[in-house]
Amino acid sequence: MKLFLAKIVNLMKDENLFATQGGPIILAQVENEYGNVEWAYGISGELYVKWAAETAVNLNTTVPWVMCAQADAPDSVINTCNGFYCDRFTPNSPSKPKMWTENYVGWFLAFGYPVPYRPVEDLAFAVARFFETGGTFQNYYMYFGGTNFGRTAGGPLVATSYDYDAPIDEYGFISQPKWGHLRDLHRAIKHCEEYLVNADPTHLSLGLKLEAHVYYKSSNDCAAFLANYGNSSDANVTFNGKSYFLPAWSVSILPDCKNVIFNTAKVVSQKTTGSTAFTHNTVTIENSMESDPWGWYKEKVGIANNHSFASPRILEQINTTKDTSDFLWYTTRINVEENIKKRKAKELQLIIRSLGHAALVFVNKKPVGFGYGNHDDASFVLSKKIHLKKGSNTVDILSMMVGLQNYGPWFDISGAGVSSVIFSDLKNSKNFSSTEWIYQVGLEGEYLGLDKVSLANSSLWIQGSSVPTNQSLIWYKTSFSPPEGRGPVSLNLSSMGKGQAWVNGEHIGRYWSSYRSPSTGCSDNCDYRGAYDSWKCLKKCGQPAQVLYHVPRSWLKPGKNLLVLHEELGGDPSKISFSTRSGQKICAHVSESDPPPVDTWKPNKDLTSQEPSLQLNCDQGWTIAAVNFASFGTPTGDCGAFIKGSCHLDVLSIVHQGCVGKSGCSIPITMAKLGDPCPGVPKSLAVEAFCSV
Numbered sequence: 001m002k003l004f005l006a007k008i009v010n011l012m013k014d015e016n017l018f019a020t021q022g023g024p025i026i027l028a029q030v031e032n033e034y035g036n037v038e039w040a041y042g043i044s045g046e047l048y049v050k051w052a053a054e055t056a057v058n059l060n061t062t063v064p065w066v067m068c069a070q071a072d073a074p075d076s077v078i079n080t081c082n083g084f085y086c087d088r089f090t091p092n093s094p095s096k097p098k099m100w101t102e103n104y105v106g107w108f109l110a111f112g113y114p115v116p117y118r119p120v121e122d123l124a125f126a127v128a129r130f131f132e133t134g135g136t137f138q139n140y141y142m143y144f145g146g147t148n149f150g151r152t153a154g155g156p157l158v159a160t161s162y163d164y165d166a167p168i169d170e171y172g173f174i175s176q177p178k179w180g181h182l183r184d185l186h187r188a189i190k191h192c193e194e195y196l197v198n199a200d201p202t203h204l205s206l207g208l209k210l211e212a213h214v215y216y217k218s219s220n221d222c223a224a225f226l227a228n229y230g231n232s233s234d235a236n237v238t239f240n241g242k243s244y245f246l247p248a249w250s251v252s253i254l255p256d257c258k259n260v261i262f263n264t265a266k267v268v269s270q271k272t273t274g275s276t277a278f279t280h281n282t283v284t285i286e287n288s289m290e291s292d293p294w295g296w297y298k299e300k301v302g303i304a305n306n307h308s309f310a311s312p313r314i315l316e317q318i319n320t321t322k323d324t325s326d327f328l329w330y331t332t333r334i335n336v337e338e339n340i341k342k343r344k345a346k347e348l349q350l351i352i353r354s355l356g357h358a359a360l361v362f363v364n365k366k367p368v369g370f371g372y373g374n375h376d377d378a379s380f381v382l383s384k385k386i387h388l389k390k391g392s393n394t395v396d397i398l399s400m401m402v403g404l405q406n407y408g409p410w411f412d413i414s415g416a417g418v419s420s421v422i423f424s425d426l427k428n429s430k431n432f433s434s435t436e437w438i439y440q441v442g443l444e445g446e447y448l449g450l451d452k453v454s455l456a457n458s459s460l461w462i463q464g465s466s467v468p469t470n471q472s473l474i475w476y477k478t479s480f481s482p483p484e485g486r487g488p489v490s491l492n493l494s495s496m497g498k499g500q501a502w503v504n505g506e507h508i509g510r511y512w513s514s515y516r517s518p519s520t521g522c523s524d525n526c527d528y529r530g531a532y533d534s535w536k537c538l539k540k541c542g543q544p545a546q547v548l549y550h551v552p553r554s555w556l557k558p559g560k561n562l563l564v565l566h567e568e569l570g571g572d573p574s575k576i577s578f579s580t581r582s583g584q585k586i587c588a589h590v591s592e593s594d595p596p597p598v599d600t601w602k603p604n605k606d607l608t609s610q611e612p613s614l615q616l617n618c619d620q621g622w623t624i625a626a627v628n629f630a631s632f633g634t635p636t637g638d639c640g641a642f643i644k645g646s647c648h649l650d651v652l653s654i655v656h657q658g659c660v661g662k663s664g665c666s667i668p669i670t671m672a673k674l675g676d677p678c679p680g681v682p683k684s685l686a687v688e689a690f691c692s693v
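In full-length UniProt numbering, the protein residues as written are 1 to 693.
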């Protein structure tokens, strides 16, 4: 580890990347959340923390070192906070700044689980509370999502997508309103910057679960944060002789201690329909799977080549495969007369215990069962009634990994694969764990290299007019033309079971479309008020965690491209489709009582002289092609489903003139601009537009 740390630091120094060398690196980190597992290692853990800190500091980076989630970090490094909230975090020394190194904007995705998401109102509340209470540094985890291509996903059972409900999604598209609301939040905090760095905050109680933190430059020159950290009741508070409305679980930011320029619960930035780049009504989809005929290769059950070896006992999987493959075959033979005495009937109970993560079981080359675990407990027991013939019988178990364990104490020795195999009848049982087993690491198709472009035209592939479907352990391949355009592409594998996919030899990742999440526990309108955790806000109950897979455009070429799949359980490849994004609906809903845009605020200027405005922006390179809805009055509904209110003025022509043909536009919310359809009634403007290339 010492050699590794030195290697990395020296690489940075050689390129003059540290801030003292004129570079961008202002901070360095050693270890990550070791404090969460330190207890498991006793005194050795405590000594290791001290050694790691000392080793890092001695490398003389000339910038500070941090340790995340490490309450006992030595004085030479800064201990920082990771979590959903860090406003109540205090470093272990008054000489250390209050830093938040991982603010979880959502949560990771696991096969068999619903999709977690975090409302932006809660995320903005957490950030505002942190800076309100003296925070100095805050980092989002993740600010942009990504993809665990190939077999790089962690485990157990972490999905290929690592979108994380991030402000910039897995495909590189801006995710609204999360991106826009956080942009406005940081603009508001930026307006307070000279106050935040000048002094510690002064705390004022404004009532039950109501408070203010004020940053003074002088007695009459300050910035303030007003907070309602109750999770149910809105409130009106008095601050500096003025009344302010505070929704529950929200923070208002006043850069001049007078004018509210941002409230975390009031989302006035634009929204998009759906939640990801390729779902719901988010985009116009171009499906393109006009492919050549399918080819296939049927994997043999059990040991199929000369790479096998024997052992007199059952072996743990990870130490056997060395992570060169997700798969390990376990094969043995059972002679009925020798091993199951006084047994006339052929029916037995087969009980297989596994450390994880999944396994297909065959008796005499016929499938008899499939067992699997989940992310929180990858182990499982598979119990099946089987029938053996007289004489010799084969038992083949294909044990499957779905990502290596990568967190928690002793994760490096947690293990996987079959741990015991028992056959029993009403009277007797026999444990075959100490019987001779024959092993093969990997599948025959992996040894052949069926995922490689060089084998696309190999005679190994069977060609036919009718592709076999719903078969286990089968490889498929076809050639296809990609969707037109320059943007990223999504591969829809909802018709498949479990397996892996490749495009032009590039490993897209693991899929498991047949593993559905529980049917209950989800909500499309999760209440942002109150403490968030990874189980609070869920969607897609009763559905697979992931069916859409990211194919970077750079992996595709003009003309024909190669798609290869290895299907483990059974699916229908003829229903696979590719999609790309050709357009997007964008919306905004702003009331006349909302503050003006944060970026228009100027010191010493009364906000009452400025008007709110509705702002729309397309992704880079796109323009507003049409306005589908524009109502000023009392419209209701959400993006994609706006409804005219009882008070309605059609302002379609005004918005069309101001927005169409532009990459972005701003419509002032004023009666002078829009008219007044119902005097004395609080009004708002709702607009839905469409962006395209």
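Virtual Cβ for every residue (Gly too), placed ideally from N, Cα, C.
Contact check, residue i vs residue j under 8 Å by CB: the rounded distance?
i	j	result
V301	K365	5 Å
F690	G583	6 Å
H656	V693	Between V693 and H656 the Cβ distance is about 19 Å, and since that is not below 8 Å, they are no contact.
S663	S613	With 8 Å as the limit, S663 and S613 do not qualify as a contact, their Cβ atoms being about 16 Å apart.
Q270	I586	5 Å
F262	A188	4 Å
V503	L562	7 Å
P595	V267	At roughly 12 Å, the Cβ-Cβ gap does not stay under 8 Å, so P595 and V267 are not in contact.
Which residue from the options puts its Cα closest to that of residue i?
i	options	result
G645	A188, V655 and G633	G633
R88	Y229, A166, L404 and S514	Y229
Y511	K602, V564, L226 and W601	V564
K575	D619, V693, W294 and G415	W294
T61	Y34, K50 and L17	L17
Q615	P573, D650, V660 and G680	V660
S308	I25, T160 and Y447	Y447
S175	D619, S517, P668 and S666	D619
G403	A53, T152, D650 and G497	T152
P64	N457, E54 and A71	E54
S252	V237, L226, F239 and S232	L226
residue 753	A501, T160, R486 and Q471	The shown model of the chain, from 1 to 693, leaves out residue 753, and the question about it has no answer.
K557	W535, D524 and E506	E506
A110	S354, Y164, D122 and D451	Y164
residue 758	D527, S534, G637 and Q543	Any question about residue 758 goes unanswered here, given that the chain covers just 1 to 693.
With C-beta atoms as the reference, is residue i less than 9 Å away from residue j?
i	j	result
S429	I438	no
V66	N58	no
P97	F137	yes
K298	E347	no
G675	W249	no
residue 732	E592	Because the chain in this structure spans residues 1 to 693, residue 732 falls outside the shown range and cannot be described.
N406	G155	yes
A6	Y34	no
F362	D396	yes
S161	Y515	no
A223	D256	yes
H357	L157	yes
G658	R553	no
Rounded to whole angstroms, what's the CA-CA distance from residue i to residue j? Just pull it up for me.
i	j	result
S399	V120	41 Å
C678	P167	37 Å
S684	P635	7 Å
E102	S419	37 Å
F113	N374	The sequence shown places Tyr at residue 113, not Phe. Going from the Cα of Y113 to the Cα of N374 covers about 8 Å.
K258	P603	10 Å
S479	M99	51 Å
Q349	L443	28 Å
T20	A588	44 Å
S275	L538	Any reading at S275 needs caution, since the residue's pLDDT is 45, under 50, leaving its predicted position unreliable; the model's value is listed next. Taking the straight line from one Cα to the other gives about 12 Å.
D572	G408	38 Å
F642	L652	14 Å
V127	I314	51 Å
E15	N139	25 Å
T520	V237	39 Å
L360	F370	5 Å
If contact is defined by three or more beta carbon pairs under 8 Å, each pair taking one atom from either stretch, is the region 577-594 in contact with the region 490-503? The answer is yes - the region 577-594 touches the region 490-503, with three or more Cβ pairs under 8 Å.
When you compare the region 437-452 with the region 315-331, are there three or more beta-carbon pairs, one atom per stretch, that lie closer than 8 Å? With a cut-off of 8 Å, the region 315-331 and the region 437-452 count as touching, because enough Cβ pairs lie within range.
Given 8 Å as the limit, is there contact between the region 197-212 and the region 169-183, that is, 3 or more CB pairs closer than that? The region 197-212 is not in contact with the region 169-183.
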